[in-house]
Amino acid sequence: MRPLATESVVILDPSQIHRPEENYKEYNDFIVSRTDKSDNDFRNFNVNLQTDVVYNTYALMHKNQTLDFVKRKAEKWCRLNKHKMTILEAVHLLDALIDESDPDTDLPNSVHAFQTAERIRADHPDEDWFHLTGLIHDLGKVMALWGEPQYCVVGDTFPVGCRFSQEIVFPETFKANPDTQVPEYSSKYGIYKPNCGLENVKMSWGHDEYMYHVLTGNNCKLPKEALYMIRFHSFYPWHCSGDYDYLCNDEDKEMLKWVKEFNKYDLYSKSDAVPDVKALTPYYEELIAKYCPGELCW
Ligand SMILES: [Fe+2]
Ligand SMILES: [Fe+2]
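Just so you know, the sequence shown maps onto residues 8 to 305 in this note's numbering.
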C-alpha cells in the first residue's frame with residue numbers, strides 16, 4: 008500500500024476553464040441570476056499563460072487514451088489497493104492539489120467540495136444524498152497525488168472504442184491516437200451496439216470513472232442518480248453538447264437531467280462565500296456515516 012502523499016501537486020482541471028461558451032448560456036444565465044458576478048467574470052484568466060497548459064493536457068489525453076490504455080488503467084485502479092481512508096480524509100487530502108492556475112479561486116480543493124455541496128443543499132434541501140454527491144464528486148483526483156499524470160485524471164471525458172466526436176474539445180488532437188487507425192474502433196458505434204447504454208461503454212480514464220468504482224467497490228449506498236453524476240460529470244460532449252445519444256439507453260436519457268443539474272453547481276459554486284468547513288463538518292459526517300461509512304478502499 009502506498010503512503011499518503013505529503014507533497015502538493017499543482018493541478019489544473021481543463022474541464023473547469025476551457026469550454027465553448029455558447030453551450031454554456033443556460034449555466035451563465037443561471038449563475039448571473041443569483042450572484043453579483045457577471046458571467047464574464049468567470050474563467051477570465053491569463054489566456055496566454057493557460058492555453059498551453061490546457062491544450063497540452065488535452066493533446067496528451069487524446070493521443071494516449073486508447074481502448075487498451077483505458078483497460079490497463081481500470082485494471083490498475085479498480086483493484087482499490089492503493090490506500091484505505093475515510094471520505095473526509097480524502098476531502099482534505101485534495102488540498103494537496105493546488106489549482107494554482109484556476110482564475111476563479113485560489114482556495115483549497117476541499118473548499119470547492121464544500122461549496123458545491125452547500126449550493127446544492129440550498130436548492131435541494133431534502134435530497135441529502137445530493138449534498139454528499141457535491142462533496143465527493145472530485146475525490147477521484149487523488150490519483151494525481153499517487154503519481155497518475157493529469158491527462159488521465161482531469162479534463163473532459165469521452166468514450167473510447169468508437170469514433171471520437173467532433174464535440175470533444177480540440178478534436179484535431181485525436182489524429183495522434185492510434186485507435187483512429189483501427190477500423191473497428193473508428194466507426195460511429197465502434198465496438199458497441201446502438202443504444203447499448205453507457206454502463207457498457209468504456210470511458211476515457213479520469214477522476215469520474217475512478218470515484219465511481221471507489222463508491223461501488225466499497226458498497227456505498229448512494230442512489231443511482233448520484234453515481235451517474237459522479238461518473239459522467241466530465242462527459243461534456245454528452246451532457247453539454249448532446250452527442251453520443253446513440254450509445255445511450257432509456258436509463259441514461261432519464262439520468263441526463265440529473266447530470267446537467269449537478270453540473271451547474273460544480274461550475275459556478277466558486278463564486279460563493281468560503282464555507283465554514285469546521286461548522287459544516289458534523290453535518291457531512293452524518294451523511295458519510297449514512298451513505299459511505301468508515302474507511303474505504305482506494
Ligand atoms: Fe470533476
Ligand atoms: Fe468539481
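From the three backbone atoms N, C-alpha and C, an ideal C-beta is built for every residue, glycine too.
As the structure is a prediction and not an experimental result, all values here were calculated from the model.
Look at aspartate 283: its beta carbon is at least 6 Å from all of the heavy atoms in ligand 2. A buried status is given to arginine 238, since no fewer than 16 other beta-carbon atoms sit within 10 Å of its beta-carbon. Assignment of leucine 229 by DSSP, reduced to helix, strand and coil, places it in the coil class. For the pair isoleucine 295 and isoleucine 94, the CB atoms are nearer than the 7 Å cut-off. For ligand 1, a non-hydrogen atom lies closer than 6 Å to the CB of aspartate 145.
Taken atom to atom, the span from the alpha-carbon of cysteine 299 to that of lysine 200 is near 34 Å. Taking C-alpha positions only, lysine 182 is separated from leucine 114 by approximately 37 Å. Around the Cβ of threonine 123, a 10 Å sphere holds 16 or more other Cβ atoms; the residue is buried. Partner residues in the beta bridge of valine 16, as assigned by DSSP, are Leu104.
Under a 10 Å Cβ-count criterion, alanine 129 is classified as exposed, with fewer than 16 other Cβ atoms of the shown protein chains found around its own Cβ. Under DSSP, lysine 91 shares a beta bridge with Cys304.
Beta-bridge annotation (DSSP): proline 166 is paired with Met210. The C-beta of asparagine 270 has 16 or more other C-beta atoms within 10 Å across all chains shown, which makes the residue buried. Under the Cβ criterion (8 Å, minimum of three pairs), the stretch 67 to 80 counts as touching the stretch 157 to 172. When secondary structure is reduced to three states using DSSP, isoleucine 175 falls in the coil class, being assigned neither helix nor strand. By the neighbour-count criterion, in which 16 or more other beta carbons inside 10 Å mark a residue as buried, glutamine 157 falls on the buried side. By the Cβ neighbour-count rule, serine 194 is exposed, with fewer than 16 other Cβ atoms within 10 Å of its own. The stretch 206 to 219 makes contact with the stretch 237 to 252: 3 or more CB pairs, one atom from each, lie closer than 8 Å. Taken through DSSP and simplified to helix, strand or coil, phenylalanine 269 comes out as helix. Between histidine 214 and lysine 148, the CB-CB gap stays under 7 Å.
Restricting attention to beta strand (DSSP E) runs no shorter than 3 residues, the stretch 115 to 171 encloses none. Following the DSSP letters along the chain, one finds serine 193 inside the alpha helix (DSSP H) bounded by residues 190 to 193. Per the coordinates, the alpha-carbon of glycine 154 lies some 30 Å from the alpha-carbon of glutamate 125. Here tyrosine 253 has Lys195, Tyr196, Pro201, Asn202 as same chain residues with Cβ atoms under 8 Å from its own Cβ, once five neighbours each way along the sequence are excluded. About 19 Å separates the beta carbon of glutamate 293 from that of methionine 92, a gap too long to meet the 8 Å contact definition. Residue state for proline 244 is assigned as helix, using DSSP reduced to three classes.
DSSP places tyrosine 291 inside the alpha helix (DSSP H), whose first and last residues are 284 to 298.
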